[in-house]
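Residue numbers 70 to 1322, in the working numbering, belong to the letters of the sequence shown in order. Idealized CB from N, CA, C, for every residue including glycine. Take a look at the structure set out below.
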Amino acid sequence: LKLQLFDSPRLYSNCDLLTPGPLMRRQGVFADGPGNFDSFGARDGTADARRRDEVPPHITDECRRENLPPPADHEIEFVVPDALGYAAGQSTRSPSKTVGNFKFRVLMFPSGTHSTGGHQVSAFVEADPVDGLDPRWVFHSVKYQVTIVNWLDYRRSVTKVDAWTFSKDGIDRGWHDMVRTTELASETGWLGPDNSLCVRASCYVRQADSINVSSDYNFRKETGFIGLKNHGATCYMNGLLQSLFHVGEFRRIVYSIECGDTPDSPGKDDVDSDLGKAMDGDDEGRAPPLIESLQNVFHKLQTSDQVVNCRELMKSFGWGTMDAFTQHDAQELNRILCDRLEEQMKGTPLDGSIKRLFEGEMENYIECMDVDYKSKRNETFYDIQLNIKGERGQELQNIEESLKDFTTEEMLEGDNAYEAEGYGKERAKKGIRFLSFPPVLNLQLKRFHFDLEKMDMVKLNSRFEFRRRLDLSAFAPDGGTYLLHAVVVHSGGVNSGHYYVHIRPTLEGQWFKFDDDTVTPCSEYAAVEDNYGGNDLSVWNYFDRTPRENYNAQTPTRPRIHNAYMLVYVREDCAAEVLKTPDPRVTNFKMVERCDREVRLAEQRRREKMEQQLKIRIKLVLERDLQKMTGFWDHAEIKHEHNIKMGRDQLAKELALEVESLTSVPTSNMAFFSLHYRNNPRQVRFAFMSLNSTFRSHIPQFNAPHFDTSDPYLTVLCLTARGYDPHTLKWKPGKEVQKADDLFRWHDEQVILLIVKYFCPHSRQIVTLGCYYTNNTDTLFTMVQSGWVGERLKQYVESRDVSPLPENPDSFTWECWEEFGEKDIQPRSIKRPVKSEQLWSGDVIIWQPAQVRVVETVQAGGADVEGEVPMYPVNNVADLAAHMSNSIDVTVTMHDGCQPLCVDDVVSNGYWGPPRPASAAKKDGSVDESRPEDAALELSPVKFQRPQEKELKMDLRWHLHHVTGTITRAFGLKLPPGETQLWLFHGAPSSTSEEPLNAHTTRSEQTTLRDLQCSAPYVATPAKKPLALHAVQLPIQPERTHCLVCARFYDDAVREVGSCVLSVPTAGSIQDVLTDAKKHLQPEWGITGPLRVLEIIDCRLHKHHRPETRLSTVSCASRGNLFYHCLRIEADAEPAGADNKLVEIFHCDRQSQQAFAQPLLLALAPGEKSGSIKTRCKAKLRVPDSEFKSWRLVRCGRTGKVHLKDDESWDSDAASLPDGDSAGKLCLEHVHPNPANSLARQSRYNKPLTIKG
């Protein structure tokens, strides 16, 4: 026996260990993989159930071995006679048992293995593979249990449980230390008659066999097939494409379509002309046509040795990134894909070929029984949807039963009798009969089912069998016999899961499993029987129960969550032709040529991608490129003329030779500087690049502001010696310069390079003069004194970009500033050495003339003229930077004070579905999903002026009265002077709970627009609208002894029909509110009779205020935003009788369980049925039948929410009502009409699947 060691302590294989390892006591239950093995489902009636109505008299509580229940279907009982006659290391094996297709047996060492020294009984579960399995077979996560049974009291039995992945290399698993051999005796109960030892072992097998795939496994070589890459959640698409691809006739049809060369199709010369394109071609360019993309995928599946990428096909579908990560239905995609292919083949010789392959025909009929009248209508189908559960709730066992259920006749009689033309109401039978089946028959098993009890989708995992050979002659004339070709499997639940497919490519060949990019051979059992579904017996410890308890107990089971979802059958008499593999070169040679060109192009891109790891692109910047820059420093705006590819390990001196050949400037007169990121301070500046340094040393390890690892390049500045013309790079020495400096001897500690700019105070323009190098002991003023600044300014004066300098140099002084940061402009002394001013190579300085006398006509921030905003002069570079950083475009939306209340994008407008009026659509016709409140407002019965939006130029230094004054003038408002009658918000006033920004208690007249920007919930990037404000004009100004209250009026359908702002005495009551509100009632609102005042907070009833309630105690009276914190006024029409109770019924979102919309009040009688309440709610709210059918009435109790059935009383469970609430709470549970997070609330069942391309 060979030596095998395992990492689990005290858990070894069946080998005699020659050298015992460290032994540790294993305790507890080990559960491997997802889920908990100790959480079992109920066992069905077919799984060896032992439950009885009564316990027979002979079943006692005596826990002897003979009173144990018989072994279950997944369990072995092995009695070893004469257990004391075995020597240490001597073994014996039990007969085998098969669970699924996992065959196992018990391997016993009655006197223990050699490693135990004969001191412990050892027991193992050993796999005994069935015939025909691949030698690389493996069974993953098999849970097994081994028990040494005590004959006298089986409750003292030793039971151990674990999970293990069985394979050829790990064929057994168990324990060496079950029972001490010294305890083996009849008196202890471990030995029975004839000194026999009893052991039981059971196994729970999650899934059928698979094979071990190593890293060097070649799918094409091993199987002849290749897989598809999963791009997020596209396993459903991969499974469908594989099943379609292996239908040879469908593949031939796809190949045969003539696409022609599109503008995006690679031409014959594209391989040589594509060097400038991106390295990864998957995301570049427009999407090719659908048929061309499908041809590419199929051709690669047939010829490629690499996993096939489907991103191009998805782009042709019109899918984006989110679509790739959204799970959809495989059969739904099959229908849409075939329909789109048929559309694109119309008018071609192949028109109708897909229909002939997949389309069958059936007849819908109604036949009267007492008169001669029939109604028939023929329909075609691409697939048949078969019920797993019948209409009466019965579980269907196989395809034949489901087809019979599909074609079962329905009797129309009595009130449901058929209206026969010319005969009136007549008894009739209604049904469906098949007329013909297609050559390729797609069957969809309806495993996803809407449960009316749970009011939600559930997955049916019940057992449903399907034959390898299906005889359909009983269901249609010439029905024929069909052979099973493919099984699409869904593993998981209703909201998540995984698709893969088992396919038998040839009639009598082997089955293969296609799981995204993995393709492996599999057994026929794994492809067929293992995907029937149903429940599997699980292991459990029943040895701690009495015989009576075991008699009534059920063996626990676990549902098999992987089961067949879609079946593909091929008609036997044409299977050979349908499955025949087409030769693409014979079918469409032009397509093959195009695909081969794409393969060569992809190979070139792959080589370029590998080359990218070894080379780096150099953006060569010359001084003349810098002179094109205007304004403040922005490294992203640096221009360049030349791109040079260099090896990452090449030296900078090799770049100098390349530049010399381009410019004719000797390398000795050049120095190079690479764009570099400084950490302290955080700046992107040029830094000296030594000629003996490699380019790799200048490449950042991670992304930096100037470096993107997805598109790597270095920006390198080439500095030429003084005397070379920056534009022509020709040698033009001046009076000061007769010989070019040897820049190759550059010492960064002694010489400094500065990027020099000039600011013109008159034109407010900043231009770049170029690069200036000097000793760090020289002063900055040296470059002015030498005439360099004046010489470089000439071209900008001639082009009139800047004004000329004063003729008298003594009439002005020079100022110098450093661009230290994005908004940090610091002055520099022009008379101190450069080193003393803390300047380094690559720093950016700006020169400007400063007049001796500066006259400011307007004081910044000072007192401004009534109605005007302050002007901030720009006299220097720092002023310009402040002006640019404070200038802002503000989007201001003016709202009407009568705009309806909108909470969580819900407006009480009487519409309960997602509103999509024309006004909510964009200019291109699509709906603006980002603003669903606009659509809801359009449907409101309230008469109000629609919001107006304008974009205004403002300054962040303005005070609030400057902001409101600008808005007032822009919208033409007339406000009394000195009065704050314009409120500002970050959101719509009737949709946000925030206080007015300009009426906040913590803000004063010194509050600036910048303070408002800091408090904004979201500030976009400068390229977008950086700040949005919402304004509303108060209709009245409150007196000191009064407070303002917003009253919103609601009709009997709980629709807001109008509103008004009331000025009520602070010491007043709710009666004062009612008295004033009645004056504003309009006849068209339909509100009559007594009124009541409700306060709604967070879409729940906060309080029903009595007329005598003091206004100071009302919650909304102390809130700042009266348009949101308002009072609801409606007719008090609900009679409150002696027994009736006025009950709040609020709306609750089904998924988030959050309240939304306005609640309603109903007077409910004791014992009133839920169905009656729902009918009243539907009538009151005017909800359409199509919408209301999915609403549920829920009672909110102490222990949670209870869904009420129609025949159940709303107050039947008084104990569930919250303490102190005699009326209780009810809610209507349904889908939020405008979910705030639509992606979070959508499931794969209500998000449509589309192919847009």
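For residue 626, the uninterrupted beta strand (DSSP E) segment begins and ends at 626-628. Taken in chain order, the whole beta strand (DSSP E) runs of length 3 or more contained in the stretch 255-283 are 266-273. If you draw a straight line from the Cα of residue 273 to the Cα of residue 208, it is about 11 angstroms long.
Nearest neighbour of residue 214 by Cα position, chosen from 282, 766 and 141, turns out to be 141. Out of 780, 1003, 954 and 866, the CA that lies nearest to the CA of residue 892 is found in 954. The residues 871 and 872, in chain order, have a CB closer than 6 angstroms to that of residue 829 in the same chain once the five nearest residues on each side in sequence are set aside. Cβ contact annotation for residue 1257 (same chain, cutoff 7 angstroms, sequence separation greater than five): 1247, in chain order. The three-state secondary structure of residue 221, taken from DSSP, is coil.
Of 1031, 1147, 201 and 1081, the smallest CA-CA separation from residue 593 is found for 201. Under DSSP, residue 636 shares a beta bridge with 512 and 556.
Shown here, residue 1266 sits in a strand according to DSSP, grouped into three states. DSSP places residue 1115 inside the beta strand (DSSP E), whose first and last residues are 1111-1119. If you check the CB distance, residue 455 and residue 514 come in under 7 angstroms. Between residue 868 and residue 811, the C-beta spacing is not below 7 angstroms. Residue 1028 sits close to residue 1077, with the two beta carbons spaced by under 7 angstroms.
With a cutoff of 7 angstroms on beta-carbon distance, residue 1253 and residue 1170 are scored as not near each other. Linking residue 904 to residue 1095 through their CA atoms gives a straight-line distance of about 40 angstroms. Around the beta carbon of residue 1136, fewer than 16 other beta carbons sit within 10 angstroms, so the residue counts as exposed. Contact between residue 1197 and residue 1242 fails: their C-beta atoms lie close to 21 angstroms from each other, not under 8 angstroms. In the structure shown, residue 1154 adopts helical secondary structure according to DSSP, grouped into three states. For residue 296, there is no enclosing beta strand (DSSP E), as DSSP marks it with neither H nor E.
Residue 493: not part of any alpha helix (DSSP H); member of the beta strand (DSSP E) spanning 493-495, first to last residue. One thing to note: residue 886 has its Cβ within 7 angstroms of the Cβ of residue 946. For residue 459, the closest C-alpha among the options 469, 611, 406 and 133 is that of 469. DSSP places residue 1243 within a helical segment (H, G or I) once states are collapsed to three.
Within its own chain, the residues whose Cβ lies closer than 6 angstroms to the Cβ of residue 152, once the five positions on either side in sequence are excluded, are 179, 264 and 266, listed in chain order. Closest in C-alpha terms to residue 243, from the list 1124, 251, 255 and 211, comes 211. Here residue 619 carries a helix assignment [DSSP, helix/strand/coil]. In the displayed model, residue 1017 falls within a strand according to three-state DSSP. Residue pairing by DSSP places residue 242 opposite 194 in a beta bridge.
CA-to-CA, the gap between residue 189 and residue 248 works out to about 5 angstroms.
C-alpha of residue 165 to C-alpha of residue 399: approximately 40 angstroms in a straight line. Counted as a single uninterrupted DSSP element, the alpha helix (DSSP H) harbouring residue 423 occupies residues 422-427.
Cβ neighbours of residue 325 within its own chain (closer than 7 angstroms, five residues either side excluded): 419, 656 and 657. DSSP, read as helix, strand or coil, puts residue 857 in helix.
Between the stretch 292-309 and the stretch 617-633, the count of C-beta pairs closer than 8 angstroms stays below three; the two stretches do not touch.
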